[in-house]
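Asker: Mind having a look at this structure? Questions to follow.
In my numbering, the protein residues as written are 19 to 200.
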């Protein structure tokens, strides 16, 4: 299978298939492309602009996944949180870059050195977080989840005796009567 560049990917939605079938076909490939973009960045000496590009890709991927949460359920939320954590660090790196640009040409050498130090620390934090959140095993779990869980009905929580737990009342539902009351 060819690697897809996340930034340049244009997934094709098949109108003849269900949303769940489309999600199962499209989202795993986008996840693989996203992971490849991050790996490519970490394999080089990335510029602040390249970090910013990955931040935008992370944001777009996160927003896309948020739209599919009704199809995947709560299990997708932890994966979205992984992206949110990556996006936060990349956003802090971008803030440093913008501040450095604003200070360029001014006599703020002390502040420039602090910003350079912060960029180094944030770059290290990003690399560690990426390795932790997107390790090969966790990626495999991500891809498997995106391939298999779209459209699954969430399991109904059960009490120890096996009875289903009612999570919330649906709009328009009547509460069950207690026996012996009118």
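Ideal Cβ placement from N, Cα and C applies to all residues, glycine included.
Are there 16 or more other CB atoms within 10 angstroms of the CB of residue 55, so buried, or fewer, so exposed?
Answerer: buried
Asker: According to the Cβ coordinates, are residue 111 and residue 66 closer than 8 Å?
Answerer: yes
Asker: Rounded to a whole number of angstroms, what is the C-alpha to C-alpha distance between residue 61 and residue 70?
Answerer: 16 Å
Asker: Alpha carbon to alpha carbon, what distance is there between residue 86 and residue 37?
Answerer: 9 Å
Asker: Quick check on residue 31: buried or exposed, where buried means 16 or more other Cβ atoms within 10 Å of its Cβ?
Answerer: Exposed, because fewer than 16 other Cβ atoms sit within 10 Å of the Cβ of residue 31.
Asker: For the segment 61-96, which segments carrying the alpha helix (DSSP H) assignment without a break, of at least 4 residues, lie completely within its bounds, in sequence order?
Answerer: 66-85 and 87-90
Asker: Looking only at C-alpha atoms, which of 117, 100, 162 and 138 sits nearest to residue 149?
Answerer: 100
Asker: Got a sec, what are the start and stop residues for the alpha helix (DSSP H) residue 154 sits in?
Answerer: From DSSP, the alpha helix (DSSP H) with residue 154 extends over 154-166.
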